[in-house]
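Residue numbers (my numbering), protein chains in the order written: chain B, 1 to 113; chain D, 1001 to 1116.
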């Protein structure tokens, strides 16, 4: 029973490029969450999605960031025109309906040069 | 808004000894969940233990137990018989039950060192 999968594990982008981070939830889970962890900080919530719906995007920056969780395929966190300040570890978590805890993926470390 | 505070950025413990990690939180909700997550150098977030606010009994998972003081809004983690593999960052987290959003609110974390 595979856990939460994220790819790539490491991503290097130049300023101005686009970054696409992928997350496949645990089998049977329909809730996906994205968190960002800056160096020496805790995780900060970005967005909560269910299949084809954004439930809570209160933590998403208003510009350049978007997320989706299509009916088929992984959830995608997209960052357009990346800047140095976007360098961070991005974690995806998933949960099943009615469960209180979230299982985390290994994270994607984004470096913007 | 809910906040989670971990006031000790670092702690150390001798192998086989007991250590307690502190966490306080602020919320106006009466029902919620609290969690401790461990992040070893691999950076994987691992759920250690969880507590439901409506339950009076403190949660226990093997060597890990919590001291949940609802009135004081305190949620400390006790690690007994510390092992070298316990060395990691530990994050306290809060999740509301009501309101539709299931987001976790994390503290800044605490780095635990285990000395042999």
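Where a beta carbon is used, it is the ideal one built from N, C-alpha and C, also for glycine.
None of the values given here were measured: they were computed from a predicted structure.
Residue i (DSSP reduced to helix, strand or coil)
i                       : result
residue 38 of chain B   : coil
residue 1043 of chain D : coil
residue 1050 of chain D : strand
residue 1086 of chain D : helix
residue 1081 of chain D : coil
residue 84 of chain B   : helix
Amino acids of chain B, ordered along the chain, whose beta-carbon sits closer than 7 Å to that of residue i
i                       : result
residue 1050 of chain D : 100 and 101
Interface residues of chain B facing residue i [CB-CB closer than 9 Å]
i                       : result
residue 1047 of chain D : 101, 102, 103 and 104
residue 1091 of chain D : 42 and 43
residue 1095 of chain D : 100, 101 and 102
Residue i Cβ short of 8 Å to the ligand HEM heavy atom set
i                       : result
residue 1012 of chain D : Looking for the ligand HEM in the displayed structure turns up nothing, as the structure carries no ligands at all.
8 Å Cβ cut-off: residues of chain D touching residue i
i                     : result
residue 41 of chain B : 1108 and 1109
residue 89 of chain B : 1043
Sequence-distant residues of its chain with Cβ nearer than 8 Å to residue i (five each side left out)
i                       : result
residue 39 of chain B   : 88
residue 1093 of chain D : 1004, 1034, 1035, 1036, 1037, 1104, 1105, 1106 and 1107
Closer than 8 Å at the beta carbon, the chain B residues around residue i
i                       : result
residue 1033 of chain D : 100 and 101
Proximal residues of chain D, C-beta to C-beta of residue i below 9 Å
i                      : result
residue 107 of chain B : 1043, 1044 and 1045
6 Å Cβ shell around residue i - same chain, five flanking residues per side excluded
i                       : result
residue 1089 of chain D : 1039, 1109 and 1111
residue 1068 of chain D : 1051, 1058 and 1075
residue 1081 of chain D : 1016 and 1063
Could you give the uninterrupted runs of the beta strand (DSSP E) lying entirely in the segment 1014-1043 of chain D, keeping only those of 3 residues or more? 1019-1021, 1024-1026 and 1032-1039
Check each residue of the segment 20-36 of chain B: if its Cβ is closer than 9 Å to any Cβ of chain D, include it; give the result in chain order. 31, 33 and 35
Residues of the segment 54-84 of chain B whose Cβ lies closer than 8 Å to any Cβ of chain D, in chain order: 55, 56, 58 and 59
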